[in-house]
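Working notes for the structure below.
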Amino acid sequence: MAYPGALVYNNGKSGGYILYRKARCNMHISVKPLLTFDELIEKMKDLGIHFDRVTETEAKDFLSNSNYFFKIGAFRKNFHKDFEGRYNIDFRQLQELARLDMKLRYLLLQYCLDIEHSIKTYLLRLITNDPDEDGYDIVQHIFSTQRNATEFKNAIFSSVRFYDKGKLKFIDGFQKYYEKPPVWVVLEIMTMSKLKTFIVYLSNAKPKNTKLKKIRNGIRYTSMLRNECAHNRPIIFNLRNNNHHISKPIYTNAKRKGFTNEEIQIYKVAQIFALMDLHALVCGDGMRRNRYKDFVVFKQEFQRVEDLFQDNKYISRFQSAINRLVDIYQI
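In terms of our numbering, the sequence shown opens at residue 6 and continues consecutively.
Next comes the structure, spelled out in structure tokens:
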């Protein structure tokens, strides 16, 4: 099979053609081999990943059928290296983190979708109940605040437009709204990242509305989590990195609700707390009960394997924060 921009090199081993992909950086070519599963096992051993709780055969089966090294290997960033640059991790630890992470991503994505729907419903109700709003002017006002209004509008309508034989077309029923879009259509088709613009505009226009202010405080974290979950980026990842800035409203609120400094300084904990707090603010009791049941199940899944991570203070703090979230948002 030929791959554009690839080099094929015979390493002299049985069936030993290794594919190299070229990556140009600063006028140099950096190449890494596409390793076989046996070679991946050896690479992991070199990194300090051992196979005491899981056999090498079981690990290869997991890598070939359930996950892949680039993703599962990322979870090693939660552990320290020794002075020789090697980890001291059992493959089972990475395996369980990968499983927990997948379940957490799926769960948090449902929280995000609940929040997105509920915020759009709330904003539309707010605008509809305002006698000074007609549903059209507010959209034009918000577009006019953007650096490029046309580009912003096109980004919103991108979900209902497509190219067919070189021509730009609309999904049936949406073309008639493009020139002068009403707010109910815009809210329906916009992404969460664009929704933030409406929230900021309305919170500035209605400074006495404390609910809007709280939504504004939490929406950025929710939007980031939604993207990470939807694109399958790991959540329980690099928990040791506390270089991210956490906004004062989120930090203060978390401290008020009992989180320790060590817990809330883990950026993923701050993100999940902001998401859970926003979910409790904007979503109805039915949604909250359904998600809470799922969150309790996740907590129990974490507890099932907690002995694997008892010597890792970062993962233990993350689990402690999960337990605290379950207690705080019980319904």
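No residue lacks a Cβ here, since even glycine has one placed at the ideal position from N, Cα and C.
If you're wondering where the values come from, they're calculated on a predicted model, not measured in any experiment.
Pairing C117 with R221 gives a Cβ-Cβ distance that is not under 7 Å.
Contact between K201 and S164 is absent: CB atoms are separated by about 16 Å, not below the 8 Å threshold.
In the three-state DSSP reduction, F80 falls in the helix class (H, G or I). About 27 Å separates the CB atoms of N317 and D282; that is not less than 8 Å, and the two are not in contact. Assignment of H55 by DSSP, reduced to helix, strand and coil, places it in the strand class. Apart from sequence neighbours up to five positions away, the residues of its chain that approach G223 with a beta-carbon distance below 8 Å are I255, A279, L280, D282, L283, L286, ordered along the chain.
DSSP, reduced to helix, strand and coil, places Y168 within a strand of the structure shown. Using a Cβ distance threshold of 7 Å, L313 and Q98 count as a contacting pair. Note that the C-beta distance between I327 and K262 is not below 7 Å. Buried is the label assigned to I77, since at least 16 other Cβ atoms lie within 10 Å of its Cβ.
Separation of the CB atoms of I241 and L109 is rounded to 7 Å, and the pair is thereby assigned contact status at 8 Å.
V310 and S252 have their alpha carbons spaced roughly 32 Å apart. In its chain, beyond the 5 residues on either side, I132 have a beta carbon closer than 7 Å to the beta carbon of E138. Three or more Cβ pairs closer than 8 Å define a contact, and the region 48-59 meets that threshold against the region 78-97.
When the beta-carbon positions are compared, A64 and P239 stay at least 7 Å from each other. The C-alpha of F162 is placed about 8 Å away from the C-alpha of Y183.
Beta-carbon to beta-carbon, D106 and R296 are separated by about 18 Å, too far to satisfy the 8 Å threshold. The criterion of a C-beta distance shorter than 7 Å is not satisfied by Y127 and P187.
With contacts defined as CB atoms closer than 7 Å, F303 and L112 qualify as a contacting pair. In the assembly as shown, A275 is a buried residue. Its beta-carbon has 16 or more other beta-carbons within 10 Å.
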